[in-house]
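K.L.:
Have a look at the structure that comes next, please.
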Amino acid sequence: MKNKYSVFSLIKNAFSYHENWQRAWKDPAPKKEYDAVIVGGGGHGLATAYYLAKKHNMNNIAVVEKGWIGGGNTGRNTTIIRSNYLWDASAGLYDHALKIWEGLSQELNYNVMFSQRGVMNLAHNLQDVRDLKRRTHANRLNGIDAVYLSTEEVKKFCPIINTSPDIRYPVLGGTLQRRAGTARHDAVAWGYARGADAMGVDIIQNCEVKGIKRNGDIVEGIETTKGFIKTKKIGVVAAGHSSVIANMAGLRLPLESKPLQALVSEPVKPIIDTVVMSNAVHAYVSQSDKGELVIGAGTDDYVSYTQKGSHQIVEGTLNAILELYPIFSRMRMLRQWGGIVDICPDASPILSKTSIKGLYFNCGWGTGGFKATPGSGDLFAHTIANDEPHKLNAAFNLNRFVSGDLVDEHGAAAVAH
Amino acid sequence: MFLINCPYCGERDQQEFKAGGEAHIERPKQPTELSDDEWAEYLFMRKNIKGVQFERWNHAHGCRKWFNMVRDTSNDEIKAIYKMGEKPPSQ
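Going down the list, the sequences are from chains A and B.
Residue numbers for the first sequence follow the working numbering, beginning at 1003 and rising by one.
Residue numbers for the second sequence follow the working numbering, beginning at 93 and rising by one.
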């Protein structure tokens, strides 16, 4: 890498008042033709480009992004990373990502602030207890670290939780994945962009896809706001807007795009050093390095592309947060926002070829795509380069909605989708 | 959040309603003769339009009746509301 970041480069640049840092990635105009074009410059898209260049020697490729990189759901999520999924296919997929996360800062020479502070999932009723125990066992059979905690152990691990038996949904236990945690979402996009750019990938921002040109069942290129780009392979990683791109190609996807909200509080001193999620009352919270509480709310039930959600969704989440953490009752919320998430009927993603040759989709991550960013990019790059899925994403094909072989993580995952 | 004009109760807060997804998806007349592809199309594939979409809503915390809505999903603007069984307005 041309400008390797290190303590020495930091000291060197300190002498020139940090005025001579090079830009981390170029701002090229699109070429006439690429070997592959990735549509969508979020974490998953940039990671796909990075691994295409790094592992598959495809350097004549581009990422086109209609806004700015990392400005969509990559910059809007609550940064939780875990792999404690129930089914074998999901466990394989998400733990593949978690293993890459563990060395990602070193690999990218960019601090993604990956923090393995643990993720705890709470049980509030008998069925939760049974489900979480079952999931713990399933995780361990798949080689994923998981332990079941009693109410006392939950309290010990996170003392600010109200474990009184008198609350509406008392804490009956929980699970803990210690390898899980959080990362800095923007840094993930920027790190992958810088890494991909260094290997020759063109990252083209403010470039919206307007159409997909195909000759019969073979793609020929994309129409964009910066002109036509010829290519034989198009990898669509457009999250909430996947259906919009699919409609351009005359494809239908099993997706619905819905607003998902999150909010952060004013910054306070360290109070919660882990991530706590509750499926039953739908509240999850962690604390950012700046000190803000990062709180995830739920999705609305209607299709919308507005990046806004309903007030009662946030209210419901905050009610749950306050019952579980009475200490937060006088905290003020600083910001609230929405992102558009593309949800599959089985709440599992699609990383797949399509009926059109050269057109690939990476979508349907729904409410939980951030955690999978490195693994998703790696496996999607494999799928595009070889025109065949990797064994870890073979189950996440589009054809599962025809065969009925769904990866039904609905409610089986650690948080409601 | 927006207001919805229920055809039976009048204007109410959206919180009282439940969205029921894409409208006018007809149940196959001969289910036994359907191929797997056609089942997938009927059960799972959705238009998921960014723009004007036809959808079903239920006044869950009101009269509990179903009705149809034409809504622009890019700005949540409601274009038309009509009862079940009525012909959709032409857009």
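All C-beta atoms in this analysis are idealised placements derived from N, C-alpha and C, irrespective of residue type, glycine included.
1) Cβ closer than 7 Å: which chain B residues qualify as neighbours of A/V1246?
2) Cα separation between A/L1106 and A/Y1007?
3) Along chain E, which residues have their Cβ under 7 Å away from the Cβ of B/F136?
4) Are the C-beta atoms of B/N150 and some chain A residue less than 8 Å apart?
5) Under DSSP, the alpha helix (DSSP H) around A/F1010 begins and ends at which residues?
6) Once you ignore the five residues that flank A/T1153 on each side, which residues in its own chain have a CB closer than 7 Å to its CB?
7) Is DSSP giving A/T1081 helix, strand or coil here?
8) Using DSSP bridges, identify the partner residues of A/T1301.
9) Suppose only complete runs of 3+ residues qualify. What are the beta strand (DSSP E) ranges in the region 1349-1392 of chain A, listed by chain order?
10) Which same chain residues, not among the five before or five after A/Q1314, have their C-beta less than 8 Å away from its C-beta?
11) Count the other CB atoms, across all protein chains shown, that sit within 10 Å of the CB of B/M176; report buried if there are 16 or more and exposed otherwise.
12) Within 8 Å (strictly less), CB to CB, does A/Y1362 reach chain B?
13) Is the CB of A/V1305 under 8 Å away from at least one CB in chain B?
14) When the Cα of A/V1066 is compared with those of A/L1110, A/L1048 and A/K1056, which residue comes out closest?
15) Using the beta-carbon of each residue, which ones in chain B are nearer than 8 Å to A/H1243?
16) What does A/N1217 pair with, by DSSP beta-bridge criteria?
17) Taking the beta strand (DSSP E) that A/V1287 falls in, what are its first and last residues?
18) So, under 8 Å CB-CB, A/K1235 and A/A1038 are touching, yes? Tell me the CB distance rounded to an integer number of Å.
19) Could you compute how far the alpha carbon of A/S1259 sits from the alpha carbon of A/E1021?
20) From which residue to which residue does the beta strand (DSSP E) around A/N1123 run?
21) Go ahead and label A/Q1289 buried or exposed: buried means 16 or more other beta carbons lie within 10 angstroms of its beta carbon, across all protein chains shown.
22) Roughly how many angstroms separate the alpha carbons of A/P1376 and B/E103, rounded to a whole number?
23) Leaving aside the five residues before and after A/V1238 along the sequence, list all residues of the same chain whose C-beta is less than 6 Å from its C-beta, in chain order.
24) Helix or strand or just coil, what does DSSP make of A/T1153?
25) Is it true that the CB of A/C1160 sits closer than 8 Å to the CB of A/P1032?
26) List, in order along the chain, the chain A residues whose C-beta lies closer than 8 Å to that of B/T124?
27) CB-CB under 6 Å to A/N1399, same chain, minus the five flanking residues each way: which ones, in chain order?
28) Under 8 Å, Cβ to Cβ, is there at least one residue of chain B near A/T1308?
29) Shorter than 8 Å from the beta carbon of A/S1354 to some beta carbon of chain B?
30) Report the option in A/K1359, A/M1250, A/G1045 and A/W1339 whose CA atom is closest to the CA atom of A/S1386.
P.N.:
According to the structure shown:
1) K142
2) 14 Å
3) Among the chains of the structure shown, chain E does not appear; the protein chains present are A and B.
4) no
5) V1009 to F1017
6) T1165, V1173, L1174 and G1175
7) coil
8) A/L1262
9) 1352-1355 and 1361-1365
10) none
11) exposed
12) no
13) yes
14) A/L1048
15) K142
16) A/I1220
17) A1285 to Q1289
18) 4 Å
19) 43 Å
20) V1121 to A1125
21) buried
22) 47 Å
23) V1041, I1247 and F1363
24) helix
25) no
26) None at all; the shortest Cβ gap to chain A is about 16 Å.
27) S1354
28) yes
29) no
30) Reading off the sequence, residue 1386 of chain A comes out as Ile, not Ser. Of the candidates A/K1359, A/M1250, A/G1045 and A/W1339, the one whose C-alpha sits nearest the C-alpha of A/I1386 is A/K1359.
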